[in-house]
Amino acid sequence: MFKTSNKLTNNFFAMVIFTIVLSSCSSMNVTEETLYDRNIQTVQASVAEEATLDYETKAIFTNATILFEFDSFNLSSKSIQTLKGAVVAMKNNSAIKITISGHADERGTREYNLALGQRRAESVKDYFALNGINKSRVSVKSYGEERPLAFGADEVSHAKNRRAEIN
Amino acid sequence: MKKLLLLLLIPNFIYAELVLEITQGSDNPYSLAVIDFNGPQKISKKINSIIKSDMKRTGEFVILDNSQLISVPLNQEEIKYKDFKLLGIDFIVLGSLISESKFNLSVSYDIYDVRKEKKIRTSKVFGIPNKIRQLSHYISDGIYEEITGLQGVASTKLLYVTEERAPDRSLFQLVIADADGANEQILLKSTEPIISPSWSPDSKKVAYVSFETGMAKVFIQDLASGNREIALENSTQISSPSWSPNGKFLSLTLFQDGNAEIYILNLKNKNLTRLTNHYSIDTESSWSPNGSRIMFTSGRAGSPQLYEIDLRKSNSKPRRITFEGNYNAKASYLANGDGAIFVHRSNNRFQIALKYFDENFVRPLTESRLDESPSISPNGNVIIYATTEDELGLLAGVTLSGARFKLPAKQGEVREPSWSGFLR
Numbered sequence: 001m002f003k004t005s006n007k008l009t010n011n012f013f014a015m016v017i018f019t020i021v022l023s024s025c026s027s028m029n030v031t032e033e034t035l036y037d038r039n040i041q042t043v044q045a046s047v048a049e050e051a052t053l054d055y056e057t058k059a060i061f062t063n064a065t066i067l068f069e070f071d072s073f074n075l076s077s078k079s080i081q082t083l084k085g086a087v088v089a090m091k092n093n094s095a096i097k098i099t100i101s102g103h104a105d106e107r108g109t110r111e112y113n114l115a116l117g118q119r120r121a122e123s124v125k126d127y128f129a130l131n132g133i134n135k136s137r138v139s140v141k142s143y144g145e146e147r148p149l150a151f152g153a154d155e156v157s158h159a160k161n162r163r164a165e166i167n
Numbered sequence: 168m169k170k171l172l173l174l175l176l177i178p179n180f181i182y183a184e185l186v187l188e189i190t191q192g193s194d195n196p197y198s199l200a201v202i203d204f205n206g207p208q209k210i211s212k213k214i215n216s217i218i219k220s221d222m223k224r225t226g227e228f229v230i231l232d233n234s235q236l237i238s239v240p241l242n243q244e245e246i247k248y249k250d251f252k253l254l255g256i257d258f259i260v261l262g263s264l265i266s267e268s269k270f271n272l273s274v275s276y277d278i279y280d281v282r283k284e285k286k287i288r289t290s291k292v293f294g295i296p297n298k299i300r301q302l303s304h305y306i307s308d309g310i311y312e313e314i315t316g317l318q319g320v321a322s323t324k325l326l327y328v329t330e331e332r333a334p335d336r337s338l339f340q341l342v343i344a345d346a347d348g349a350n351e352q353i354l355l356k357s358t359e360p361i362i363s364p365s366w367s368p369d370s371k372k373v374a375y376v377s378f379e380t381g382m383a384k385v386f387i388q389d390l391a392s393g394n395r396e397i398a399l400e401n402s403t404q405i406s407s408p409s410w411s412p413n414g415k416f417l418s419l420t421l422f423q424d425g426n427a428e429i430y431i432l433n434l435k436n437k438n439l440t441r442l443t444n445h446y447s448i449d450t451e452s453s454w455s456p457n458g459s460r461i462m463f464t465s466g467r468a469g470s471p472q473l474y475e476i477d478l479r480k481s482n483s484k485p486r487r488i489t490f491e492g493n494y495n496a497k498a499s500y501l502a503n504g505d506g507a508i509f510v511h512r513s514n515n516r517f518q519i520a521l522k523y524f525d526e527n528f529v530r531p532l533t534e535s536r537l538d539e540s541p542s543i544s545p546n547g548n549v550i551i552y553a554t555t556e557d558e559l560g561l562l563a564g565v566t567l568s569g570a571r572f573k574l575p576a577k578q579g580e581v582r583e584p585s586w587s588g589f590l591r
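Top line first, the protein sequences correspond to chains D and B.
Position 3, counted from 1, in the first sequence is what this note's numbering calls 3; the numbers after and before it change by one each time, with no gaps.
Each position in the second sequence, counted from 1, maps to that position plus 167 in this note's numbering.
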């Protein structure tokens, strides 16, 4: 999966250097140095196919986006209403396995937001588990702030992006 | 058919080329006269303009060229120091192309101290014709080193991520460029996000997080060969790589038990040692310059704050570093280890801030809405970070002398900068 394909060669200056201080008499520095050349490779990532739900399952979870407050992974009462419906759907379709992906808005650092997205997804998973859905049917992952739904810098956009999605 | 082919080819030509813009210099700069180098005008003009831009970017120099001088010497004998003193010039650089052929382009340059009225340095750089930029950066660093006593960073590299947004799938690229944003080289192209790139201490490899497998994974890529590997084969999400100063370890964040915890990976035998153990988020680890301490972001106090662990003591408890405000994250140590730079929230703005460990307050360094990912130059003098303008990501820099510069992309977004070590 991680094999290098489509290698392109670019010239990259590695700049291995010889700095020879020829003489360092008290008053004047004398130096000589040489530029060196090294290649750099461009790699094309082969992206894994995303597992998508079949059409019917998708329809069941189509509105199952759970929203969160800033720097929080607590489920709101509104989220719980959404999740109640999802739990019923999971119980009625016992073959379905789902992935919950957690997301964050653009504010704050990318890595902290990645961890926060994970906690949001875990909160949703915990809710399913508490309501009798086997943990093996639910996997979680985070995209942090890397996959926004809305691109604005306003609170309306931010609120849309602080979410967990069921896929 | 022709049209289709063209469409397929276009993405290869769209890439974010950075454009340097200097917004502010320091209060008390050195005044430096850079005389046009002797040699073919086209080449010497190019060399001069690159040197000038390098020196200006440090924020520590004001540059004067031929047109601003009273007399223009062609060699040492012709220098009339009085003319330079009148203009308040501290140093003069004179240079010549010493050889120019298809395979060889070399330069010699001398630096003169106006006050002492004497030559203080004579240097040669041997290069090749299609590397005029690098040759010029070497000269800039020689000048900087001679005058300030610090190593220059004009010849170092930046690593960063670009994103070209597209309606269906964005294109993410991991890119290396010269410290002035020129000479971009693409390391990795992907349709999935790339974050947290960082150089190995010897600047021969980079580590980064790629989502190409469907979840966050840390990769290590060798620059010269393009060979890369997943740092740790594991079914969990892994993120936030940071190299130990000796290059033997990588600290990482694993989402192993549903929560972000920091581990240290021995790169040789792949042994994994757990560093943090708390039900809140622990991530964004960073090593102190001597490798004895690790700083990280933790949510254990209810909001993200910085903590430090002493690696020399076993079972040492994390010590809280920041108490100012409710968001302090993504720290890097200063070069001498006596402070850190990080992202600090103040008045609902995320800014780059500095805290010395012996002080109980935070010094804000930037003032925009959303600044993040600070990275320090190897000489410790410049901080590059990601910022946004008109909802577009770009890079910006601030020097300890107070100079500011911007590296906006011509197209798309630029973010997640990481500064290489010295390459000269």
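In this text, a Cβ means the ideal position worked out from N, Cα and C, and glycines have one as well.
Since the structure is predicted, the reported quantities are computational estimates derived from the model, not experimental observations.
By Cβ distance below 6 Å, which residues in the same chain neighbour residue 128 of chain D in space, the five residues on each side in sequence not counted?
-> Indexing the first sequence from 1 puts residue 128 of chain D at position 128. So the list reads 138, once near-sequence residues are dropped.
Return the first residue and the last residue of the beta strand (DSSP E) that residue 375 of chain B is part of.
-> For the purposes of this step, residue 375 of chain B is taken as the residue at position 208 of the second sequence. Element bounds for residue 375 of chain B: 372-377.
Does residue 317 of chain B have its Cβ less than 8 Å from a Cβ in chain D?
-> Here residue 317 of chain B is taken as the residue at index 150 of the second sequence, counted from 1. Taking Cβ atoms only, chain D never reaches closer than 8 Å to residue 317 of chain B, which makes this a no.
Measuring alpha carbon to alpha carbon, tell me which of B:259, B:288 and B:294 ends up nearest residue 270 of chain B.
-> Along the second sequence, read from residue 1 onward, the residue named residue 270 of chain B stands at position 103. Nearest of B:259, B:288 and B:294 to residue 270 of chain B, Cα basis: B:294.
Cβ of residue 32 of chain D within 8 Å of any chain B Cβ | As a first step, residue 32 of chain D must be located in the first sequence, where it is residue number 32. Residue 32 of chain D counts as touching chain B.
Could I get the ranges of all uninterrupted alpha helix (DSSP H) runs contained in the segment 403-439 of chain B, with 4 residues as the minimum, in chain order?
-> none
Can you give me the Cβ contacts of residue 153 of chain B inside the same chain, cut-off strictly under 8 Å, excluding the 5 residues immediately before and after it?
-> It is not possible to answer for residue 153 of chain B, since the shown part of chain B is limited to 168 through 591.
Cβ neighbours of residue 539 of chain B in the same chain (closer than 6 Å, five flanking residues each side left out) | On the second sequence, position 372 is the one that residue 539 of chain B refers to. Once the five neighbours on either side are set aside, the close Cβ partners of residue 539 of chain B are 510 and 553.
Status (buried if at least 16 other CB within 10 Å, exposed otherwise) for residue 131 of chain B | Outside the shown range of chain B (168 to 591) lies residue 131 of chain B, about which nothing can therefore be said.
Contact between the segment 281-292 of chain B and the segment 223-238 of chain B: three or more CB pairs below 8 Å?
-> no
Given 8 Å as the limit, is there contact between the segment 449-456 of chain B and the segment 434-441 of chain B, that is, 3 or more CB pairs closer than that?
-> no
Nearest to residue 663 of chain B (by Cα), restricted to the options B:216, B:306 and B:505 = There is no way to answer for residue 663 of chain B, as the model of chain B reaches only from 168 to 591.
Taking only the alpha-carbon atoms, compute the straight-line gap between residue 264 of chain B and residue 420 of chain B and give it to the nearest angstrom.
-> If you number the second sequence from 1, residue 264 of chain B lands on position 97. If you number the second sequence from 1, residue 420 of chain B lands on position 253. Whole-angstrom Cα-Cα distance: 51 Å.
Out of curiosity, what's the CA-to-CA distance linking residue 34 of chain D and residue 533 of chain B?
-> Residue 34 of chain D sits at position 34 when you count from the first residue of the first sequence. Residue 533 of chain B sits at position 366 when you count from the first residue of the second sequence. C-alpha separation (whole angstroms): 38 Å.
When B:205, B:476 and B:562 are compared against residue 580 of chain B, the one with the closest alpha-carbon = Numbered from its first residue, the second sequence carries residue 580 of chain B at position 413. The option with the nearest alpha carbon to residue 580 of chain B is B:562.
May I ask you to list the residues that DSSP assigns as paired with residue 345 of chain B?
-> For this step, residue 345 of chain B is matched to residue 178 along the second sequence. Answer is B:324, bridged to residue 345 of chain B.
Return the CA-CA distance between residue 28 of chain D and residue 246 of chain B, expressed in angstroms with no decimal places.
-> Numbered from its first residue, the first sequence carries residue 28 of chain D at position 28. Numbered from its first residue, the second sequence carries residue 246 of chain B at position 79. Spanning the two alpha carbons is a distance of roughly 18 Å.
Over the uninterrupted alpha helix (DSSP H) stretch that includes residue 164 of chain D, give me the two end residues.
-> Here residue 164 of chain D corresponds to residue number 164 of the first sequence, with the count starting at 1. No alpha helix (DSSP H) holds residue 164 of chain D; the beta strand (DSSP E) holding it covers 163-166.
Got a sec? Which residues, its chain only, sit under 6 Å from residue 149 of chain D by beta carbon, not counting five neighbours each side?
-> What you label residue 149 of chain D is simply residue 149 of the first sequence in a count that begins at 1. Excluding positions up to five away in sequence, the list reads 160 and 161.
Starting from residue 223 of chain B, trace the alpha helix (DSSP H) both ways and give me its first and last residue.
-> Looking up residue 223 of chain B in the second sequence gives position 56. That run of the alpha helix (DSSP H) goes 208-224.
Any C-beta of chain B sitting closer than 8 Å to the C-beta of residue 68 of chain D?
-> Against the first sequence, residue 68 of chain D aligns to sequence position 68. No, no contact with chain B.
By Cβ distance, which residues of its chain are closer than 7 Å to residue 594 of chain B, with the 5 residues on each side in sequence left out?
-> Past the boundaries of the shown model lies residue 594 of chain B; chain B is included only from 168 to 591, so the question cannot be answered.
Do we get a CB-CB distance below 8 Å when we pair residue 108 of chain D with the residues of chain B?
-> In the first sequence, the residue the question calls residue 108 of chain D occupies position 108. Yes, its Cβ sits closer than 8 Å to a Cβ of chain B.
Just checking, does the segment 311-326 of chain B make contact with the segment 338-346 of chain B on the three C-beta pairs under 8 Å criterion?
-> yes
Would you kindly check if the distance between the Cβ of residue 506 of chain B and the Cβ of residue 523 of chain B is under 8 Å?
-> On the second sequence, position 356 is the one that residue 523 of chain B refers to. On the second sequence, position 339 is the one that residue 506 of chain B refers to. Yes. Within cutoff.
Give a yes or no on contact between the segment 72-79 of chain D and the segment 115-133 of chain D, applying the rule of three or more CB pairs nearer than 8 Å.
-> yes
Just the chain D side, please: which residues come within less than 9 Å of residue 517 of chain B by C-beta, in chain order?
-> The residue labelled residue 517 of chain B in the question sits at position 350 within the second sequence. Simply 107, 108 and 109.
Per DSSP, which residues does residue 582 of chain B bridge with? Please list them.
-> For the purposes of this step, residue 582 of chain B is taken as residue 415 along the second sequence, with counting starting at 1. DSSP, once it has assigned bridges, lists B:328 as partnering residue 582 of chain B.
Contact list for residue 146 of chain D against chain E, beta-carbon separation under 8 Å = This model lacks chain E altogether; the protein chains it does include are D and B.
Chain-ordered chain D contacts of residue 501 of chain B [CB-CB under 8 Å] = Your numbering for residue 501 of chain B matches position 334 in the second sequence. Those do not exist, as residue 501 of chain B stays about 19 Å from chain D at its closest Cβ, beyond 8 Å.
Using a Cβ-Cβ cut-off of less than 8 Å, list which residues of the segment 285-318 of chain B approach chain D; keep chain order.
-> 285, 286, 287, 288, 289, 290, 291, 292, 293, 294, 295, 297, 298, 301, 302, 305, 309 and 313
Please look up how many angstroms separate the CB atoms of residue 385 of chain B and residue 405 of chain B, rounded, as I've assumed it's under 8 Å.
-> Looking up residue 385 of chain B in the second sequence gives position 218. Looking up residue 405 of chain B in the second sequence gives position 238. Rounded, the Cβ-Cβ distance is 5 Å, consistent with contact.
For residue 263 of chain B, decide whether its Cβ has a neighbour in chain D, counting only Cβ atoms nearer than 8 Å.
-> Within the second sequence, numbered from 1, the residue matching residue 263 of chain B stands at position 96. Not one chain D Cβ lies under 8 Å of residue 263 of chain B.
Report all residues from its chain with a CB closer than 8 Å to the CB of residue 430 of chain B; omit the five preceding and five following residues, and keep chain order.
-> The count along the second sequence starts at 1 and reaches residue 430 of chain B at position 263. Excluding sequence neighbours, residue 430 of chain B sits near 418, 419, 420, 421, 439, 440, 441 and 442.
Can you give the Cα-Cα distance for residue 64 of chain D and residue 48 of chain D, rounded to whole angstroms?
-> Here residue 64 of chain D corresponds to residue number 64 of the first sequence, with the count starting at 1. Here residue 48 of chain D corresponds to residue number 48 of the first sequence, with the count starting at 1. Each residue's Cα considered, the two are about 24 Å apart.
Helix, strand or coil for residue 308 of chain B per DSSP?
-> Residue numbering aside, residue 308 of chain B sits at position 141 when the second sequence is read from its first letter. Helix.
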